[in-house]
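Under this note's numbering, read the sequence shown as residues 1 to 190, first letter to last. Even for Gly, the Cβ is constructed at its ideal location relative to N, Cα and C. Bear in mind that the values here come from a model prediction, so they are computed numbers and not experimental data.
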Amino acid sequence: MARKKTITKDQILNAAYEVVANEGFSKFTARNIATQMKCSTQPIYLEFKNMDDLKEELFEKIHQYLANEVFPVAHTGNTIVDLALNYIHFAKNESKLYRALYLEEYGGGKRMQEFSYNYFSTAVKQDPDYEKLNDTEINSLHMGTWIVATGIAALMTSGIIHPSDEQIERLMLEAIEQILERDTPIDIDN
1 MARKKTITKD
11 QILNAAYEVV
21 ANEGFSKFTA
31 RNIATQMKCS
41 TQPIYLEFKN
51 MDDLKEELFE
61 KIHQYLANEV
71 FPVAHTGNTI
81 VDLALNYIHF
91 AKNESKLYRA
101 LYLEEYGGGK
111 RMQEFSYNYF
121 STAVKQDPDY
131 EKLNDTEINS
141 LHMGTWIVAT
151 GIAALMTSGI
161 IHPSDEQIER
171 LMLEAIEQIL
181 ERDTPIDIDN
């Protein structure tokens, strides 16, 4: 008689999420995830082809969370400022997960950058203030505001600076203005 499946795919994903959120991607192993669930590694390999498969689905879960819960919160009515504030709040409130996703080399890195760019670009194109911008300008705005927001986030999570949301808003608006006044696009990807 086949044993009833007791550990679900969702439970495994949640455990994987906990491991990454608390300890980063360096601890993303079948053993650590199994330990988190207090079981053997077997259920993981029953539900997922391999650890890469699990990582893919974990990113999907994280992207959904960011896109639905974290990034859309409105603060000032300016799409770009609000995105920056939400990114910074996320970095502050969930600093381990933030670091794992955006700053660790074997974390999300490139993939998080693409996800963030796609989210940013879609949001900005829907904003009447920015709808006339071309892709080069949107790319420059993303890169420039992302660098500023990441700097603020890093300094805040290290406890070095404690700006208010109003101060962050002013810094972001200044950055946006300077980026849009520039003739040459910011491109430091290559």
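(Q) Using C-beta distances below 6 Å, list every residue in its chain close to residue 61, excluding the 5 sequence neighbours before and after it, in chain order. (A) The sequence position of residue 61 within the sequence shown is 61, counting from 1. Excluding positions up to five away in sequence, the list reads 13.
**Q.** Member of 35, 111, 126 and 82 whose CA lies at the smallest distance from the CA of residue 170
**A.** Taking the first residue of the sequence shown as position 1, residue 170 is located at position 170. The shortest Cα separation from residue 170 among 35, 111, 126 and 82 belongs to 82.
Q | Close-in-space but distant-in-sequence residues of the same chain around residue 34 (CB under 7 Å, 5 per side omitted) | A | Looking up residue 34 in the sequence shown gives position 34. Same-chain partners within the cutoff: 40, 41 and 44.
Q. What separation, rounded to the nearest whole angstrom, lies between the Cα atoms of residue 101 and residue 69?
A. The sequence position of residue 101 within the sequence shown is 101, counting from 1. The sequence position of residue 69 within the sequence shown is 69, counting from 1. C-alpha of residue 101 to C-alpha of residue 69: approximately 16 Å in a straight line.
Q. By how many angstroms is the C-alpha of residue 137 removed from the C-alpha of residue 174?
A. Position 174 of the sequence shown holds residue 174. Position 137 of the sequence shown holds residue 137. Near 16 Å, if we compare the C-alpha coordinates of residue 137 and residue 174.
Q) Could you give the C-beta distance for residue 28 and residue 55, rounded to a whole number, given that I count them as a contact under 8 Å? A) Against the sequence shown, residue 28 aligns to sequence position 28. Against the sequence shown, residue 55 aligns to sequence position 55. At roughly 7 Å, the Cβ-Cβ gap stays under 8 Å, so residue 28 and residue 55 are in contact.
Q) What's the gap between the Cα of residue 57 and the Cα of residue 110? A) Residue 57 sits at position 57 when you count from the first residue of the sequence shown. Residue 110 sits at position 110 when you count from the first residue of the sequence shown. Roughly 16 Å separates the two Cα atoms.
Q: Give the straight-line distance between the Cα atoms of residue 162 and residue 115, rounded to the nearest whole angstrom.
A: Mapped onto the sequence shown, residue 162 falls at position 162. Mapped onto the sequence shown, residue 115 falls at position 115. For residue 162 and residue 115, the distance between alpha carbons rounds to 28 Å.
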